[in-house]
Amino acid sequence: MRNLAPKYNHQEVEAGKNKFWYDQDAFKADPTSKKPAYTIVIPPPNVTGKLHLGHAWDTSLQDIIIRMKRMQGYDALWLPGMDHAGIATQAKVDARLKEQGISRYDIGREKFLEKSWEWKEEYAGVIRQQWDKLGLSLDYSRERFTLDEGLSEAVRKVFVGLYEKGLIYRGERIINWDPAARTALSDIEVIHKEIEGAFYHFKYQIEGSNDFLEVATTRPETMFGDVAIAVHPDDERYTHLIGKNVIIPGNGVAIPIIADDYVEMDFGTGVVKITPAHDPNDFEVGNRHNLSRPVVMNLDGTMNEGAGKYNGLDRFVARKQLVADLQAAGLVVKIDKHVHSVGHSERTDVVVEPYLSTQWFVKMEELAKRSVENQATENKVNFIPERFENTFLRWMENVHDWCISRQLWWGHQIPAWYHKTTGEMHVGMEAPADLENWTQDEDVLDTWFSSALWPFSTLGWPDSGDADFEKYFPTDTLVTGYDIIFFWVSRMIFQSLEFTEKVPFNNVLIHGLVRDADGRKMSKSLGNGVDPMDVIEKYGADALRYFLTTNSAPGQDLRYIEEKVESTWNFINKIWNASRFVIMNLDGMTVEDVDLTGRSLSVADAWILGRLNETIRGINRNTESFEFGEVGRHLYNFIWDDFCSWYIEMAKLPMQSEDEAAKTFTRMVLATVLEAIVKLLHPFMPFVTEEIYQMISSSDKALAVAAWPEANPGFDNPKAVTDFSLLMDIIRSVRNIRAEVDAPNSKQIRIFINAKNDEVLDNLTANQAYLERFCNPSELRIEKGLTLSEEAMTAVVTGADILLPIEGLVNVEAEIARLSAELKKLSAEVKRGESKLANEKFTAKAPAHLVEEERAKLEDYKEKFATVESKLKQLSK
RNA sequence: GGAGAAUUAGCUCAGCGGGAGAGCACUUCCUUGACGUGGAAGGGGUCGGCGGUUCGAACCCGUCAUUCUUCACCA
């Protein structure tokens, strides 16, 4: 055992702790153990780069839960892993190649994948290092990656399974096309933004007449794909025109006027151009009327030969030129400014093009229905906070089919093969035997398709009888942000129900986003991001973790405010120094030597142990409901106020005495409380608590695997609480008066205490030593029936009056003012209590114990009031 | 247009049916041997407005206001 430095040094404390834990296999789960399982799978970070503060928050919460469960005797498994993140990673590798002046098409698919794996290895290393820095208790022996063989097998199994059930199909639909990434996207990868665009009104001339129909559109360049003009069947303005043709102004092509319910008569001119290949609604209309579906754009967002002279131009350039040309031709009625919502790619931020294309889809109706229905059963997923369950349900009820094919290379290639000559399709776990006659589908699956399987694919599924899967699935709690409920949480739920017949996790704890000090989202473009590693460097992982996990309520966003991390550091420094005091006084005693059974404790000992009980109970209660902010508050108050400000100060008395027995008792209490503190704090601050624990324990075992503290009913002691509270009240009153008369604590004063009854007298007499130490009197008198003296300053506490005779010091005017203020407060209290008790409804309906408390309080206030009043009378004479 | 969240001390936020809390900031005092990254004592809030339920409301319900999220195929 060594002495601690007077200043907490987070870098020194945190160094080497991970190795200490790993050497003991502290975080390794064991399916053969008899302990009940508690499982968390990490939301796999993308291998695109470094972790940000949001990850730090998310993983800290999980670490808190898993460390608590581990200490509480569970076989705790926290499974780490990472996500290949198709589009995002491919974009990164593309960018890296571009720096070398290479395009992925130059090197081909195979070589590109090699480069991608290199990238993955590199960033996986970075991420593991960051996890270590954060102090996460992950079981690395079970680390997984979404492109691992086992997980890929799960992906194929699910794909083939859904296909065989008819829940996956391939078809030509309007999808969201990202012309920059040149891939299809799912609906939720499209971000709608309000954009000020224009509403272009064009003249579509009626064939064989000089009349025209006015057609409005926000995307003029798609007119080359128009195959009809639609009006509402009941719209009397146009019924006579149905069946006639109009001329597309851009190219002079004639198209029919059709009637369809889809058109709203009241909107715009009541005439809609129908472009089936470039608009989802038009696609439906086209299907109903058997219309053709010409595509007029290339995959990169330029116009194709269908656009005539605009062939090869970028869609927006083409739009501009087309409008100018039509204006010159007198075919534009007007151009209105128009604010409308435009879809942008989540990844590339370019405007997404609704585009006709052959893709793979997951049919959502049945899957969604099953998930929704399951939430009405006992087997439901428990959302915390609850309101997110509605978010989930509402989305599930309105979900469209999920486009899962992506025109990328980095990902799970779709297990479908096409026969080179017959065109026949084969979907299966394995390639067809005569592979040379087949070509595999070039596309890969949406990254979220594999992420959706994460809770079971990582645990060995679909291997039947896998020990991990048997023991650890369903997992217990998933922790993630509200921003990926749709992307991930919902998909895990329906895939899990479909393939394992179970929910993937019993609880899902949803947290918010980390924002900057001004409440803005952290983003690269704003440059307001904070690197968690920088914070750890400056304040330590313990401070960062505690800040992140105790400074918001569940589901709320969190602002990153450096001063708060700093104040957390101060808190740790406080803990450090309290520990320093304890260790210096233990004189070689360790927590294993403590035996408090049968000891007679001082009032301070009894009080702090009682407070410890309350703290443990409070923590356990709030932990159940994942209210870590409240847990933090229990810890903070207990440690800083009760333990440091009061108990340690009290403990100095016996520790500085010659009474060896008293010293031993005090050491034991100090050790008991400190041990409990580091245990309770450990999930939040694993590093510093491990450091301290190793200094007060003779065992080599890590605190990380020590047993969680339990409240000891033998330490519940209401009388000690009352007695000690009186001492605290007296001490505070004396300090207060000293401050009033500007008498520094070192200055000795006389203190007379008038005990109101024998019980108080006994208590105070027995604990005189504390009063002497804290109040530093030149004379201390504790008596029953002391009378008020004019020369003394007066304070009243429950059960006693305090008189401080300060010769020549008392400014009568000031004292009258002080006591008058006090009297006013007391009078208000008396009034409040009286009116409450005068209310018969209150006394009749409120719980009896509350009425009783109210009565007792009223008596107490009345007594105090009388004392102060009579003192005031004396002074005013 | 639908749904949700927020509105509490100067700032950032807890609390969510029985007498308003924390951190930072502010005032005064303190170089006492765990800690001046500290200690002691303070000041500061009609808990957004208005109704309602209740013996009792910051907390539950309704409504309005402001701010912020989300979802949605209105051409």
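Sequential numbering from 168 applies to the first sequence in this note's numbering. Cβ coordinates follow ideal geometry from the N, Cα and C atoms, glycine included.
Same chain only: Cβ atoms within 8 Å of residue i, ignoring 5 sequence neighbours per side
i, result
"P622", "V208, F640, P641, T642, L645, M659, S663, P671 and F672"
"V490", "Y367, P387, V499 and I502"
Contact set for residue i: own chain, Cβ-Cβ below 7 Å, skip 5 residues either direction
i, result
"K360", "S508, V509 and H511"
"V519", "N343, W344, D345, L352, V357, G510, H511 and S512"
"V681", "L220, G221, W224, M689, L725 and Y727"
"V293", "K217"
"F661", "L534, A535, R537 and S538"
"K201", "none"
"T790", "M235 and V798"
"Q574", "R349, T350, A351 and D610"
Buried versus exposed, by CB contacts within 10 Å (16 or more), residue i
i, result
"T856", "buried"
"D808", "exposed"
"L776", "buried"
"K501", "exposed"
"E989", "buried"
"N930", "buried"
"F221", "Note that residue 221 corresponds to Gly in the displayed sequence, not to Phe. G221 comes out buried."
"S1037", "exposed"
"E181", "buried"
"T1034", "buried"
"R455", "exposed"
"N213", "buried"
"N921", "buried"
"A962", "buried"
"A771", "buried"
Spatial neighbours of residue i in its chain, beta-carbon cut-off 6 Å, leaving aside the 5 residues before and after
i, result
"L493", "P416 and V499"
"D608", "I581 and A583"
"N227", "The amino acid occupying residue 227 in the given sequence is Ser; Asn does not appear at that position. The residues are R712, L715 and T716."
"Y585", "M592 and T606"
"N565", "none"
"F1032", "L993 and V997"
"H407", "none"
Beta-ladder partner(s) of residue i, from DSSP
i, result
"D345", "T350"
"M592", "Y585"
"F379", "Q372"
"S524", "R340"
"W569", "V529"
"A426", "V398"
"P911", "DSSP lists no partner for P911."
"M470", "M464"
"Q296", "Q296 pairs with nothing; no bridge assigned."
"N412", "P423"
"K360", "V509"
"D111", "Residue 111 is absent from the structure shown; the chain starts at 168 and stops at 1044."
"F851", "Its beta-bridge partners do not exist; DSSP assigns none."
"W875", "None, per the DSSP bridge assignment."
"K951", "A922"
Near the ligand MN: residue i beta-carbon under 7 Å from a heavy atom
i, result
"I373", "In the structure on display, the ligand MN does not appear, and there are no ligands present to speak of."
For residue j and residue i, believed in contact at Cβ under 8 Å, the rounded distance
i, j, result
"D709", "F854", "5 Å"
"I425", "Y371", "With 8 Å as the limit, I425 and Y371 do not qualify as a contact, their Cβ atoms being about 13 Å apart."
"G796", "N674", "That belief does not hold up - the Cβ atoms of G796 and N674 are roughly 18 Å apart, past 8 Å."
"I750", "M862", "6 Å"
"T442", "G473", "Their Cβ separation, rounded to whole angstroms, is 11 Å, which puts T442 and G473 out of contact at 8 Å."
"D503", "F366", "4 Å"
Fill in: the segment 267–275 in contact with the segment 244–253 per 3-pair CB rule at 8 Å
No, the segment 267–275 does not touch the segment 244–253.
Worksheet item: Does the segment 522–531 come within contact of the segment 442–462, defined as at least 3 CB pairs closer than 8 Å?
Response: yes
Worksheet item: Okay, do the segment 546–563 and the segment 573–580 touch, 3+ Cβ pairs below 8 Å being the bar?
Response: no
Discussion item. Counting beta carbon pairs with one atom in the segment 777–795 and one in the segment 728–738, are three or more of them shorter than 8 Å?
Written reply: These segments do not touch.
Item to complete: State whether the segment 374–381 contacts the segment 534–548, with contact taken as three or more CB pairs (one from each stretch) at a distance under 8 Å.
Response: Touching, no, given that fewer than three Cβ pairs across the two stretches are closer than 8 Å.
Item to complete: Report yes or no: do three or more beta-carbon pairs, one from the segment 937–945 and one from the segment 891–905, lie closer than 8 Å?
Response: yes
Worksheet item: Using 8 Å as the Cβ pair cut-off and three pairs as the minimum, do the segment 876–891 and the segment 913–920 touch?
Response: no
Discussion item. Pairs of beta-carbons, one from the segment 831–848 and one from the segment 281–299, closer than 8 Å: are there three or more?
Written reply: no
Practice prompt. Assess, as a yes-or-no matter, whether the segment 311–324 is touched by the segment 248–258 under the definition of 3 or more beta carbon pairs within less than 8 Å.
Written response: Output reads yes: the segment 311–324 touches the segment 248–258.
Discussion item. With three or more beta-carbon pairs closer than 8 Å as the criterion, would you say the segment 921–929 touches the segment 953–969?
Written reply: yes
Item to complete: Determine, using beta-carbon pairs with one atom in the segment 864–871 and one in the segment 757–767, whether at least three such pairs fall under 8 Å.
Response: yes
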